[in-house]
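A.B. asks: Let me begin by handing over the structure; questions about it come next.
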Amino acid sequence: MKTRKIVIIGIVGSVLDAGFHAERWQKWRPSVSLARHPDLPIHRFELIHAPEHEHVSAAVAADIKRSSETTEVRRSAITTGNPWDFEEVYSTLYDFAQAYEFHPETEDYLVHITNGTHVQQICLFLLTESRHFPARLIQTSPSDTKRRGPDGRYNIIDLDLSRYDRLAQRFVKEHGDALAVLKSGIATRNERFNRLIEQLEYVAAKSREPILLLGPTGAGKTQLARRIYELKKARHQLKGEFVEMNCATLRGDAAMSALFGHVKGSFTGAVKDRPGLLRAADGGLLFLDEVGELGLDEQAMLLRALEEKRFLPVGSDRESTSDFQLIAGTNTDLAAAVRARVFREDLLARLNLWTFRLPGLSQRVEDIEPNLDYELQRLSSKLGTHLTMNREAREAFLEFAMGPQGRWTGNFRDFGAALTRMATLATGGRINIEIVKEEIGRLKEAWAEPTDITSASDPGNLLREVLGEEMAGEIDLFDQVQLAHVIRVVRESTSAADAGRTLFAVSREKRKMTNDSDRLAKYLARFGLTWKECRG
Numbered sequence: 186m187k188t189r190k191i192v193i194i195g196i197v198g199s200v201l202d203a204g205f206h207a208e209r210w211q212k213w214r215p216s217v218s219l220a221r222h223p224d225l226p227i228h229r230f231e232l233i234h235a236p237e238h239e240h241v242s243a244a245v246a247a248d249i250k251r252s253s254e255t256t257e258v259r260r261s262a263i264t265t266g267n268p269w270d271f272e273e274v275y276s277t278l279y280d281f282a283q284a285y286e287f288h289p290e291t292e293d294y295l296v297h298i299t300n301g302t303h304v305q306q307i308c309l310f311l312l313t314e315s316r317h318f319p320a321r322l323i324q325t326s327p328s329d330t331k332r333r334g335p336d337g338r339y340n341i342i343d344l345d346l347s348r349y350d351r352l353a354q355r356f357v358k359e360h361g362d363a364l365a366v367l368k369s370g371i372a373t374r375n376e377r378f379n380r381l382i383e384q385l386e387y388v389a390a391k392s393r394e395p396i397l398l399l400g401p402t403g404a405g406k407t408q409l410a411r412r413i414y415e416l417k418k419a420r421h422q423l424k425g426e427f428v429e430m431n432c433a434t435l436r437g438d439a440a441m442s443a444l445f446g447h448v449k450g451s452f453t454g455a456v457k458d459r460p461g462l463l464r465a466a467d468g469g470l471l472f473l474d475e476v477g478e479l480g481l482d483e484q485a486m487l488l489r490a491l492e493e494k495r496f497l498p499v500g501s502d503r504e505s506t507s508d509f510q511l512i513a514g515t516n517t518d519l520a521a522a523v524r525a526r527v528f529r530e531d532l533l534a535r536l537n538l539w540t541f542r543l544p545g546l547s548q549r550v551e552d553i554e555p556n557l558d559y560e561l562q563r564l565s566s567k568l569g570t571h572l573t574m575n576r577e578a579r580e581a582f583l584e585f586a587m588g589p590q591g592r593w594t595g596n597f598r599d600f601g602a603a604l605t606r607m608a609t610l611a612t613g614g615r616i617n618i619e620i621v622k623e624e625i626g627r628l629k630e631a632w633a634e635p636t637d638i639t640s641a642s643d644p645g646n647l648l649r650e651v652l653g654e655e656m657a658g659e660i661d662l663f664d665q666v667q668l669a670h671v672i673r674v675v676r677e678s679t680s681a682a683d684a685g686r687t688l689f690a691v692s693r694e695k696r697k698m699t700n701d702s703d704r705l706a707k708y709l710a711r712f713g714l715t716w717k718e719c720r721g
């Protein structure tokens, strides 16, 4: 294999490199000293200098040639103006790099960063890191601080940090620690969930754009949002607070006031000024759960606050400002909501840059066992006792929880509640088989399908509840039966897509393109209904 030729690119040191008397050969001079190392055969030395340092540059070039006869020296006089002005220096060195004819297949480039002002050194570093100079860095220093010999030492620095084992190990550990934070320290096994968390960690580290978390109720959106905040706060990416609101709990003036604040007297009950959650989240993170429940007016103001960092409190003629990162959560199909004209398309486009869909607990049964251990540890700390499960009880619970009977319709809320009940009933902190069997019976009963509800047997009652007496009376009996069944499926599903997959399970297999949410929305629109109205 043919060895590539070494090329040094560096700035002439007007002080450190200078010397015209015989004593100069006893002095350490960074550029000249590089040429004196027998283990560093330099094919070419590119000397960059300011026009006013022409005399010094010529002398340095001559001494390099005397130190290494085989080294070719090229001098380039470039005008940087003020050597302490970052913009001027960077632009000049950038132009030099752009004009230079590199041959990385045959030449190995080393950028010398010992000489020059701090600004010049930083600019050389940045241009090397960005690969405008396809090179590594080389740094020189005297051999000894007390006895400065002429040769000195050199150190080659490769900016590909993955080449440095100790650094690489630190980065791997840091990445692993970050993933553990996002997963609450739970050793999750589900491949899809672990891949989602890895992607989310990279996004959280590099972006302040909104993040949209999709998933059924109880899938852990709130906890994950808080973990993202804790990770970013630890990395000094956020200095403010974590602020959260469930948008489904507020309507009208209350929602406007909670989010954007109000001034005293702006509406009945506004007895004093209120800053609002956006102000409280300034410099921090705002988590809006069930964002699909926001009214159109609140959506418009939220969009402006995201784009311009400004908003108008209720009743005020003076704008407020807040620089926050937004995480939005929902179990609603926002695309269907846009088609139903209950959610703004421009806001969805703003939220949809980074979207992560959290699987429900029944979709990641591999993670039930590690979550069981996590809950036992958490409850042990909370209850002040050491909780355990004997082998028989543990196997029975896991068989049920991970099997087809474990529906977990409330996801981790159901799971956490089940463990809390068993832990509370455990005498001496030991959960036995009797407690597990009792809890399994309780969960089966809670998840059982309704059999004696009037609306289940009489579609007319359900339609009158949803449409009202007059509109329900205008629908044929044939359509009543079908529509009532669709509404029941909607109410039992976590999203429009989920309901669509159930209703169109057969016909969707024959289609090249499937959009179950859209098909469902169009069917409901025939009767003037939306997903939200069917959900009640």
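Under the numbering used here, think of the first position of the sequence shown as 186, with each following residue one higher. All residues carry an ideal CB built from backbone N, CA and C; glycine is no exception.
Applying the criterion that 16 or more other CB atoms from any shown protein chain within 10 Å of the CB defines a buried residue, is K417 buried or exposed?
C.D. replies: Per the 10 Å Cβ criterion, buried.
A.B. asks: Suppose only complete runs of 4+ residues qualify. What are the alpha helix (DSSP H) ranges in the stretch 435-517, listed by chain order?
C.D. replies: For the stretch 435-517, whole alpha helix (DSSP H) runs of length 4 or above, ordered along the chain, are 437-445, 462-465 and 481-493.
A.B. asks: Quick check: the stretch 249-257 against the stretch 216-234, are there 3 or more CB pairs under 8 Å?
C.D. replies: The stretch 249-257 vs the stretch 216-234: in contact.
A.B. asks: Using a 10 Å radius around the Cβ and a threshold of 16 neighbouring Cβ atoms, would you call A521 buried or exposed?
C.D. replies: By the neighbour-count rule (16 or more Cβ atoms within 10 Å), A521 is buried.
A.B. asks: Using 8 Å as the Cβ pair cut-off and three pairs as the minimum, do the stretch 392-407 and the stretch 502-522 touch?
C.D. replies: Output reads yes: the stretch 502-522 touches the stretch 392-407.
A.B. asks: Could you check how far apart the C-beta atoms of H317 and Y275 are, in whole angstroms? I think they sit under 8 Å.
C.D. replies: About 10 Å; that fails the 8 Å criterion.
A.B. asks: By DSSP's criteria, L232 is part of a beta bridge. Which residues make up the other side?
C.D. replies: BP columns for L232 point to G195 and R260.
A.B. asks: By Cβ distance below 8 Å, which residues in the same chain neighbour E273 in space, the five residues on each side in sequence not counted?
C.D. replies: Here the set comprises T265, G266 and N267.
A.B. asks: Alpha carbon to alpha carbon, how far is A372 from P555? Give it in angstroms, no decimals.
C.D. replies: If you take the alpha carbons of P555 and A372, they lie about 6 Å apart.
A.B. asks: Please name the residue, chosen from P335, K190 and T325, that lies closest to W210 on a Cα-to-Cα basis.
C.D. replies: Here the closest residue by C-alpha is P335.
A.B. asks: For S216, does the three-state DSSP call read helix, strand or coil?
C.D. replies: Looking at S216 - three-state DSSP - the assignment turns out to be helix.
A.B. asks: Which ranges does the alpha helix (DSSP H) cover as unbroken runs of at least 4 residues, wholly within the stretch 595-673, from first to last along the chain?
C.D. replies: Listed in chain order, they are 597-610, 618-632, 639-642, 644-652 and 654-657.
A.B. asks: Span of the beta strand (DSSP E) holding K342?
C.D. replies: It should be noted that the sequence gives Ile, not Lys, for residue 342. Taken as a continuous stretch (DSSP letters only), the beta strand (DSSP E) holding I342 covers R338 to I342.
A.B. asks: Could you give the first and the last residue of the continuous alpha helix (DSSP H) run that contains Y708?
C.D. replies: D701 to A710 is the extent of the alpha helix (DSSP H) around Y708.
A.B. asks: Determine which residues share a DSSP beta bridge with A320 and list them.
C.D. replies: Looking at the DSSP assignment, A320 forms a beta bridge with Y294.
A.B. asks: Output yes or no for whether 8 Å exceeds the beta carbon distance between L572 and A611.
C.D. replies: Going by C-beta atoms, L572 is nearer than 8 Å to A611.
A.B. asks: Over the uninterrupted beta strand (DSSP E) stretch that includes L399, give me the two end residues.
C.D. replies: Segment I396 to L399, the beta strand (DSSP E) holding L399.
A.B. asks: So H297 and I323 are supposed to be a Cβ contact under 8 Å. How far apart are they, rounded?
C.D. replies: Confirmed, about 5 Å.
A.B. asks: When you compare only the Cα positions, how much space is there between T594 and E314?
C.D. replies: Computed Cα separation, rounded: 51 Å.
A.B. asks: Quick one: Cα of R529 to Cα of L399, how far?
C.D. replies: Answer to the nearest angstrom: the Cα atoms are 17 Å apart.
A.B. asks: Quick check on this structure: which residue in A455, L543 and A243 has the alpha carbon closest to the alpha carbon of I382?
C.D. replies: I382 has its Cα closest to that of L543, out of A455, L543 and A243.
A.B. asks: Can we say the stretch 423-443 touches the stretch 475-487, given the rule of at least three CB pairs closer than 8 Å?
C.D. replies: A contact exists between the stretch 423-443 and the stretch 475-487.
A.B. asks: Determine whether the beta carbon atoms of V258 and F230 lie at a separation below 8 Å.
C.D. replies: Cβ distance < 8 Å, so V258 and F230 count as in contact.
A.B. asks: Would A706 and R526 be called neighbours here (beta carbons separated by less than 8 Å)?
C.D. replies: Contact: no.
A.B. asks: Since L462 contacts A490 with CB under 8 Å, what's their CB separation in whole angstroms?
C.D. replies: Going by Cβ atoms, the distance from L462 to A490 rounds to 11 Å, so no, they are not a contact pair.
A.B. asks: Helix or strand or just coil, what does DSSP make of F310?
C.D. replies: Helix, per DSSP.
A.B. asks: Hey, out of M441, F600 and L470, whose CA is closest to P460's CA?
C.D. replies: Of M441, F600 and L470, the residue nearest in Cα terms is M441.
A.B. asks: So is G454 buried or exposed if we call it buried at 16+ other beta carbons inside 10 Å?
C.D. replies: Exposed, since its Cβ has fewer than 16 Cβ neighbours within 10 Å.
A.B. asks: Run the CB neighbour count on T299, radius 10 Å, all protein chains shown included, and call it buried at 16 or more, exposed below.
C.D. replies: Classification of T299: buried, given that the 10 Å Cβ count is 16 or more.
A.B. asks: Between K449, E492, F597 and E386, which has its C-alpha nearest V499's C-alpha?
C.D. replies: Closest by alpha carbon: K449.
A.B. asks: Once you ignore the five residues that flank P401 on each side, which residues in its own chain have a CB closer than 7 Å to its CB?
C.D. replies: Closer than 7 Å at the Cβ level, and outside the excluded window around P401, lie N516, G545, N596 and T679.
A.B. asks: Once DSSP output is grouped into helix, strand and coil, what is the label at R332?
C.D. replies: Low per-residue confidence applies at R332: pLDDT is 48, beneath 50, and the placement is therefore not dependable, though the value from the model is reported in the following sentence. Coil at R332, not helix or strand.
A.B. asks: With R393 and Q510 assumed to form a contact (beta carbons below 8 Å), what rounded beta-carbon distance in angstroms separates them?
C.D. replies: So it is a contact: roughly 5 Å between Cβ atoms.
A.B. asks: If we call anything under 8 Å between Cβ atoms a contact, is V197 one with L232?
C.D. replies: Contact: yes.
A.B. asks: Is Q667 buried or exposed, if buried means 16 or more other CB atoms sit within 10 Å of its CB?
C.D. replies: Counting Cβ neighbours within 10 Å, Q667 comes out exposed, since fewer than 16 surround it.
A.B. asks: I'd like to check one pair, S505 with G469: are the Cβ atoms closer than 8 Å?
C.D. replies: No. Outside cutoff.
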